[in-house]
Amino acid sequence: MSYKTVVGLEIHAQLSTNTKSFSADPNKFGLDPNTATYIGSLGMPGAIPVLSKEAVEYAIMAGLGFNCNINKESTFERKKYFYPDLPAGYQVTQVDTPIASDGYIIVKDLEENDKKIRIQRIQIEEDTGKSLHDGGEFAYLDYNRSGATLIEIVSYPDINSPEEAKEFLTKLRNTLRFLEISDGKMEEGSLRCDVNVNVIDEKNIKKSSIIEVKNVGSISAVGKVIEYEANRQIELLEKNEIEVRSTRRWDDEVNETVLMRQKFTADNFNYSYDGDVPNLIIDDEIINSVREKMPELSDEKRERFIKEYNLSEYDASILSNDKDISIYYEDVNKLVNDSTLVANYIINELLRRLNDENIEIKDLRFKENNFSDLLNLIKENKINNNTAKKVFRVMFEEGIEPISYIEENNLIQVSDEGFIDSIVDEVLAENPETIEQYLSGKDRVLGFLVGQVMKKSKGKANPSVVNEIILSKIKKQ
Numbered sequence: 149m150s151y152k153t154v155v156g157l158e159i160h161a162q163l164s165t166n167t168k169s170f171s172a173d174p175n176k177f178g179l180d181p182n183t184a185t186y187i188g189s190l191g192m193p194g195a196i197p198v199l200s201k202e203a204v205e206y207a208i209m210a211g212l213g214f215n216c217n218i219n220k221e222s223t224f225e226r227k228k229y230f231y232p233d234l235p236a237g238y239q240v241t242q243v244d245t246p247i248a249s250d251g252y253i254i255v256k257d258l259e260e261n262d263k264k265i266r267i268q269r270i271q272i273e274e275d276t277g278k279s280l281h282d283g284g285e286f287a288y289l290d291y292n293r294s295g296a297t298l299i300e301i302v303s304y305p306d307i308n309s310p311e312e313a314k315e316f317l318t319k320l321r322n323t324l325r326f327l328e329i330s331d332g333k334m335e336e337g338s339l340r341c342d343v344n345v346n347v348i349d350e351k352n353i354k355k356s357s358i359i360e361v362k363n364v365g366s367i368s369a370v371g372k373v374i375e376y377e378a379n380r381q382i383e384l385l386e387k388n389e390i391e392v393r394s395t396r397r398w399d400d401e402v403n404e405t406v407l408m409r410q411k412f413t414a415d416n417f418n419y420s421y422d423g424d425v426p427n428l429i430i431d432d433e434i435i436n437s438v439r440e441k442m443p444e445l446s447d448e449k450r451e452r453f454i455k456e457y458n459l460s461e462y463d464a465s466i467l468s469n470d471k472d473i474s475i476y477y478e479d480v481n482k483l484v485n486d487s488t489l490v491a492n493y494i495i496n497e498l499l500r501r502l503n504d505e506n507i508e509i510k511d512l513r514f515k516e517n518n519f520s521d522l523l524n525l526i527k528e529n530k531i532n533n534n535t536a537k538k539v540f541r542v543m544f545e546e547g548i549e550p551i552s553y554i555e556e557n558n559l560i561q562v563s564d565e566g567f568i569d570s571i572v573d574e575v576l577a578e579n580p581e582t583i584e585q586y587l588s589g590k591d592r593v594l595g596f597l598v599g600q601v602m603k604k605s606k607g608k609a610n611p612s613v614v615n616e617i618i619l620s621k622i623k624k625q
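In the working numbering, each residue's number is its place in the sequence shown (first place is 1) plus 148.
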């Protein structure tokens, strides 16, 4: 049977504003519980909400970064429901007219073609507090997060695979980071994702109910949720079982979704216009002012890297995808002045080890100039590539300074022809049959001879000089 997976995402991104959305309460992560809570955060009677100018600018910046239209007038409504982490009994949000709408992010589909995932809306809203459970009969409430500024980014159901969803989320998070309006840390709750999934049986014209999976905690988990839900819903369709639309959660321990509640009726939050928060009026002058403050984003950086550094599209895409990596690349290249060498080592050595250790570039044990020192030694033919990789491994694990380490361990590459010549003579004398093989047309054996010389020189001989001397001696025989 032919099944099509249909996915829409709802992403809440907490903005890195200094204060909260409608009060001057500080907006900081990691404070002691309930130490950033004043009358605004706690929804005290008489607290007058005043919309943060910084929050508006950040939301406009997000809209522009995601190719949205900025609405010249938007409204604020109260979303009413009772829950202990919502002290006022309602959440201020945007329902009728959000601050931005009709945007998109470009991803690659399964055939590696460009695909536009449309963004329906971006709306400003305030965050709730946080419930903390001790595993027993008590729950504790921390209202530090209450009132912090969120933007909710809602996609259209244009996503059709786990891979598309993960790339969409990765690009979205990286754009927020490039803009410096959110740190995008899903592990700290500053980026949260709800996943809406259903499947369509295109042959029999049937479809499953839309299932919402709440608060998925990582990009990889989003992919797992989609894969699991698609398979679960396909099984139900094949059994002709009709599932009530429901909300589920992802359980990382068992790698499956778990039912939270069924939706027999539509959610009714009894929305009403918030008379305390005037309509938000935004003119072209404000939009242009925000646009001028925007930094270079990933796609622009990729194109510049291709033109300015003569990188391949693949290398430029990898280096421009993450803000910190892109800055690191350019800073190191200023010290080395070899864009290809720097790109190759960052992509093939540095990023591989960062991924293996699951750490970020800010956590490196060595300094930027240590990395450039190592690359300059390669560039100047003072060490060969094999030695460089071994030294880099020690740098990564122990944070050593490469120049001192190389000198202490006598690893400087030797290009002296007299030294290399004597080792080549030894190797050729020990391998007469290999010389005959080469002379009979088996060119590949040359690599074996070079390897034997490198082994005898303990990796210190310059491979290109070794290659030249071996060839000259063989041709004389």
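Ideal Cβ placement from N, Cα and C applies to all residues, glycine included.
Just so you know, these numbers come straight off a predicted model, no measurement behind them.
Which stretch, first to last residue, makes up the alpha helix (DSSP H) that contains residue i?
i: K515; result: Counting along the chain, K515 falls outside any alpha helix (DSSP H), and DSSP gives it neither H nor E.
i: D262; result: Run containing D262: none in the alpha helix (DSSP H); it sits in the beta strand (DSSP E), D262 to E274.
i: N492; result: S487 to Y493
i: N147; result: Outside the displayed range of the chain (149 to 625) lies residue 147, so it cannot be described from this structure.
i: A471; result: Here residue 471 is Lys; the residue named in the question, Ala, does not match the sequence. Run containing K471: K471 to V484, per the alpha helix (DSSP H) assignment.
i: S368; result: I367 to E386
i: V542; result: N533 to E546
i: Q585; result: P580 to L587
i: Y553; result: P550 to E556
i: N436; result: D432 to K441
i: N175; result: Unbroken run through N175: none, as it is neither H nor E.
i: T127; result: The structure shown does not extend to residue 127, since the chain is modelled only from 149 to 625, so the question has no answer here.
i: E456; result: S446 to Y457
i: D180; result: Careful: D180 lies outside any alpha helix (DSSP H) and carries neither H nor E.
Going by Cα to Cα distance, which pick from the options is closest to residue i?
i: A184; options: M408, Y291, L522 and S164; result: Y291
i: G213; options: T241, S249 and Y186; result: S249
i: I358; options: I382, K351 and I367; result: I382
i: L594; options: Q162, P580, E285 and K606; result: P580
i: D431; options: D262, E386, S368 and I218; result: I218
i: Q410; options: E336, V347 and I390; result: I390
i: S465; options: E456, E451, I617 and N166; result: E451
i: A491; options: E221, I454, D504 and N344; result: I454
i: E300; options: V392, A207 and E335; result: A207
i: I348; options: I571, T153, G599 and G566; result: T153
i: Y304; options: E158, D479, E556 and L190; result: E158
i: V614; options: L179, A287, I568 and H160; result: I568
i: P611; options: T241, S620, S437 and G599; result: G599
i: Y553; options: G566, L525, V575 and L576; result: L525
i: V155; options: R293, E202 and D342; result: D342
i: S330; options: E202, K608, L179 and F519; result: E202
i: V575; options: P181, S468, I622 and D180; result: I622
i: S420; options: P232, G237, S169 and N469; result: G237
i: L498; options: F519, E221, K603 and G423; result: F519
i: P246; options: T167, C216, G607 and P232; result: C216
Would you kindly report the start and end of the unbroken beta strand (DSSP E) that includes residue i?
i: G156; result: Y151 to Q162
i: R592; result: Careful: R592 lies outside any beta strand (DSSP E) and carries neither H nor E.
i: V198; result: It is not in any beta strand (DSSP E) - V198 carries neither H nor E in the DSSP assignment.
i: E225; result: E225 to K228
i: D250; result: A248 to K256
i: S303; result: T297 to S303
i: T241; result: Y238 to T241
Bridge partners for residue i per DSSP, in chain order?
i: S394; result: I359 and Q410
i: L280; result: Y288
i: N346; result: V154
i: I218; result: A248
Between the beta-carbon of residue i and the beta-carbon of residue j, is there less than 7 Å?
i: S171; j: G188; result: yes
i: K471; j: F326; result: yes
i: M192; j: M442; result: no
i: I560; j: D521; result: no
i: S474; j: N481; result: no
i: T223; j: N418; result: no
i: T405; j: V361; result: yes
i: S150; j: E350; result: yes
i: G321; j: G332; result: Per the sequence shown, residue 321 should be read as Arg rather than Gly. The answer is yes: Cβ separation under 7 Å.
i: V345; j: I367; result: no
i: Q162; j: A296; result: yes
i: D306; j: I265; result: yes
i: G547; j: F514; result: yes
i: R293; j: K278; result: yes
i: I571; j: S605; result: yes
i: V302; j: D422; result: no
Compare the C-beta of residue i against all C-beta atoms of chain D and say whether one is closer than 7 Å.
i: G337; result: Among the protein chains of the structure shown there is no chain D, as only one such chain exists.
Notebook entry, point to check: Is the stretch 310-317 in contact with the stretch 368-381, if contact means three or more CB pairs nearer than 8 Å?
Noted result: yes
Can you find at least 3 beta carbon pairs, one from the stretch 529-538 and one from the stretch 499-508, that sit closer than 8 Å?
no
Does the count of Cβ pairs from the stretch 250-266 and the stretch 274-284 closer than 8 Å reach three? no
Does the stretch 542-553 come close enough to the stretch 575-589 that 3 or more CB-CB pairs lie under 8 Å? no
(request) Report yes or no: do three or more beta-carbon pairs, one from the stretch 350-366 and one from the stretch 193-208, lie closer than 8 Å? (result) no
- Query: Can you find at least 3 beta carbon pairs, one from the stretch 225-233 and one from the stretch 444-460, that sit closer than 8 Å?
  - Reply: no
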